[in-house]
C-alpha cells in the first residue's frame, strides 16, 4: 500500500455526534408553547398580584431559555458538523448552551426569591380566580411539553443502557435536562395552584409567596445541577469515567507486556470518546495492534497510540 493509499485508509470522519432531527423539531415546538405560556403567566402574576403565579412564570421563562438554547445548539451543531475548524466536532456547542442557560437561571432564581420574600413581608391582594385559571393552563402546557420530550429521553436512555458497555452519562444532556426541567416546572405549577386555592378557600394568603420561595429554590437546584454536569464536560473532567478503568483492563490482559505511561480520555459526543495513550513495551509491535484491542469499546471513536521502548523512559 503506497503512502497516499495509506493516508486515505487512515482518514476518517471527525463527525462524532449526529443531531436527532425529530428531537430538534419537538424541542422547537415545546419552546414555542412555553414562550406563549410564560408571557401569559408573568403578565397574570403582575396583574393579579400572585407571587406563586409570577414565580411559575419566571420558572417557565428559564425553561423557555433552556429549550431555546437547546434548539439553537442543535442547529449550530448540525450546520457546522463538517467544519474543520472544530477539531472534535460540534457536540460541545450543545453543552455550552446548557451551561449558559444554567448561568441565567441562577439570576432568575435570585430574583424570584427576592420578590417572594418582599410579598411575604408586605402582602398584596390577589385575584385568585384569574390566577388559578392561568396557572392551570400553565400546568397543561407543561404536561404537553413533557409528552413531546419524553419519548426521546426514554429512547436515548434505552439505546445507551441496552449496549454492551453502558455508561450512565451517555445520555443526551440537553434533551434529558430539558425533560427534567419540564417536570420541575410542572411541579412548580402544582405548587402555585395549591397556594392560590389555599388563599381563596381558607384565606392563607401567605401560601402564595411561600410557594414562590419554594419555586425559586427548585430553579436554583436545577441550575446548580446543570452547571456541574455541563462544566464537567466542557473542562474534559472525564478521567474518573468507567471507560478509563476498562482501557486499563484491556491492556492489562493483552498478550504483549505493556505499561501505560500517559492516558487522556475525553468526550466528543454523548456516546463517544477520544483517547490519547502512551505505552511502554520492550516487544516489537505497532500502534494498530493496540487500537484493535481497544476497538472492543465502541465508545472510543478516536484513538491515538504512541509506543515507547521501556529502556528509553527515565
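In UniProt numbering, the protein residues as written are 1 to 314.
The beta-carbon is built from N, C-alpha and C at its ideal position, and this holds for glycine as well.
Since we're looking at a predicted model, the values are computed, not measured.
- Query: Taking the alpha-carbon positions, what's the residue 159 to residue 28 distance?
  - Reply: Position 159 of the chain shown, counted from the first residue, corresponds to residue 159. Position 28 of the chain shown, counted from the first residue, corresponds to residue 28. Annotation note: pLDDT 37 at residue 159 (below 50); position unreliable, no value reported.
- Under 8 Å between C-beta atoms of residue 258 and residue 280: The residue given as residue 258 occupies position 258 in the chain shown. The residue given as residue 280 occupies position 280 in the chain shown. Yes.
- Going by DSSP, name the residue or residues bridged to residue 259. By one-based count along the chain shown, residue 259 stands at place 259. The partner list for residue 259 (beta bridge, DSSP) reads 280.
- On the three-state DSSP scale, how would you describe residue 264? As a position in the chain shown, residue 264 is number 264, starting the count at 1. Strand, per DSSP.
- Task: Keeping to the same chain, check which residues put their C-beta closer than 6 Å to that of residue 54; ignore five residues upstream and five downstream.
- Result: What you label residue 54 is simply residue 54 of the chain shown in a count that begins at 1. These residues qualify, in order along the chain: 45.
- Query: Starting from residue 237 and walking both ways along the alpha helix (DSSP H), at which residues does that stretch end?
  - Reply: Taking the chain shown and counting its residues from 1, the one referred to as residue 237 is at position 237. In the DSSP assignment, residue 237 falls outside any alpha helix (DSSP H) and carries neither an H nor an E.
- Query: Between which two residues does the beta strand (DSSP E) carrying residue 307 extend?
  - Reply: Translated into the one-based positions of the chain shown, residue 307 becomes position 307. It spans 300-308 - the beta strand (DSSP E) in which residue 307 sits, taken as one unbroken run.
- Message: Suppose contacts are defined by Cβ-Cβ distances below 8 Å. Is residue 102 in contact with residue 226 by that definition?
- Response: Reading the chain shown from its first residue, position 102 is the one you call residue 102. Reading the chain shown from its first residue, position 226 is the one you call residue 226. Their beta carbons are under 8 Å apart, which means residue 102 touches residue 226 by this criterion.
- Message: Quick check on residue 4: buried or exposed, where buried means 16 or more other Cβ atoms within 10 Å of its Cβ?
- Response: One-based indexing of the chain shown puts residue 4 at position 4. Low confidence applies here, because residue 4 scores a pLDDT of 42, under 50, leaving its location unreliable; read the following figure in that light. Result: exposed.
- Task: Quickly, what does DSSP pair residue 273 with across the bridge? List them, please.
- Result: Residue 273 sits at position 273 when you count from the first residue of the chain shown. Looking at the DSSP output, residue 273 bridges to 267 and 300.
- Task: Spatial neighbours of residue 308 within its chain, please: CB distance less than 6 Å, with the 5 preceding and 5 following residues excluded, ordered by chain position.
- Result: The residue you call residue 308 lines up with position 308 of the chain shown. Only 280 meet the Cβ criterion.
- Query: What whole-angstrom Cβ distance do residue 222 and residue 274 have, given they're in contact under 8 Å?
  - Reply: Here residue 222 is taken as the residue at index 222 of the chain shown, counted from 1. Here residue 274 is taken as the residue at index 274 of the chain shown, counted from 1. 30 Å between Cβ atoms; not a contact.
- Message: I'd like the ranges of any alpha helix (DSSP H) spanning at least 4 consecutive residues and lying wholly in the region 61-144.
- Response: Segments of the alpha helix (DSSP H) lying fully in the region 61-144: 91-121.
- Element boundaries [alpha helix (DSSP H), containing residue 246]: Counting from 1 along the chain shown, the entry for residue 246 is found at position 246. Looking at the DSSP string, the run of the alpha helix (DSSP H) that includes residue 246 is 242-252.
- Query: Could you give the distance in angstroms between the alpha-carbon of residue 144 and the alpha-carbon of residue 187?
  - Reply: Taking the first residue of the chain shown as 1, we reach residue 144 at position 144. Taking the first residue of the chain shown as 1, we reach residue 187 at position 187. Cα to Cα, residue 144 sits roughly 14 Å from residue 187.
- Message: Do residue 236 and residue 202 count as a contact pair if the criterion is CB distance below 8 Å?
- Response: Here the question's residue 202 lines up with position 202 in the chain shown. Here the question's residue 236 lines up with position 236 in the chain shown. No, these two residues do not count as a Cβ contact at 8 Å.
- Message: Judging by CA-CA distance, which residue of 138, 296, 212 and 242 is the nearest neighbour of residue 117?
- Response: For the purposes of this step, residue 117 is taken as residue 117 along the chain shown, with counting starting at 1. A check of alpha carbon separations from residue 117 across 138, 296, 212 and 242 identifies 212 as the nearest.
- Message: For residue 287 and residue 233, what's the separation of their Cα atoms in angstroms?
- Response: As a working note, residue 287 is residue 287 in the chain shown. As a working note, residue 233 is residue 233 in the chain shown. Residue 287 and residue 233: Cα-Cα distance of roughly 28 Å.
- Look at the alpha carbon of residue 120 and the alpha carbon of residue 114, and state the distance between them as a whole number of angstroms. Within the chain shown, residue 120 is the residue found at index 120, counting from 1. Within the chain shown, residue 114 is the residue found at index 114, counting from 1. Roughly 10 Å separates the two Cα atoms.
- Query: Which residue from 99, 30, 33 and 300 puts its Cα closest to that of residue 241?
  - Reply: What you label residue 241 is simply residue 241 of the chain shown in a count that begins at 1. Scanning 99, 30, 33 and 300 for the CA closest to the CA of residue 241 turns up 300.
- Task: Name the residue from 195, 214 and 138 whose alpha carbon lies nearest to the alpha carbon of residue 43.
- Result: Along the chain shown, one-based indexing puts residue 43 at 43. Checked all of 195, 214 and 138; the closest Cα to residue 43 is 138.
- Query: DSSP on residue 46, reduced to helix/strand/coil?
  - Reply: One-based indexing of the chain shown puts residue 46 at position 46. Residue 46: helix per DSSP, three-state reduction.
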